[in-house]
Amino acid sequence: MLCLREKWISGAILDVFEVEPLPKSSALWTTPNVIVTPHMSGPSRPEEVVKSFMTNFEKYLAGEPLMHTFSFESGY
Numbered sequence: 001m002l003c004l005r006e007k008w009i010s011g012a013i014l015d016v017f018e019v020e021p022l023p024k025s026s027a028l029w030t031t032p033n034v035i036v037t038p039h040m041s042g043p044s045r046p047e048e049v050v051k052s053f054m055t056n057f058e059k060y061l062a063g064e065p066l067m068h069t070f071s072f073e074s075g076y
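Read in UniProt numbering, the sequence shown has 21 at position 21, and its numbers run on one by one without any break.
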């Protein structure tokens, strides 16, 4: 945090933390030069994206809970 506060480094984009989910009290949430993202990045294969979309579309039409949703309660 010192390096970020003192601008020794210009910023950070973070998706992995010592404690998951990142506590609401963490200073990382409000540090201007920090971007916090969910731990879900990585290469995507088009066929898997289509398969996931179609599964979610079918769940949506059936009124079932969707996969891979964001939780405002947990922040992820």
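We put the CB at the ideal spot given by N, CA and C, even for glycine.
Whose C-alpha, out of the options, is nearest the C-alpha of residue i?
i: residue 70; options: 38, 61, 60, 46; result: 38
i: residue 35; options: 64, 10, 58, 62; result: 10
i: residue 6; options: 72, 54, 31, 62; result: 31
On the criterion of 16 or more Cβ atoms from any shown chain inside 10 Å, does residue i qualify as buried, or is it exposed?
i: residue 66; result: exposed
i: residue 22; result: buried
Quick test of your reading: residue i and residue j, contact by CB under 8 Å. State the CB separation rounded to the nearest angstrom.
i: residue 14; j: residue 4; result: Contact doesn't hold; Cβ gap of about 10 Å is too wide.
Can you check whether the CB of residue j is closer than 8 Å to the CB of residue i?
i: residue 52; j: residue 68; result: yes
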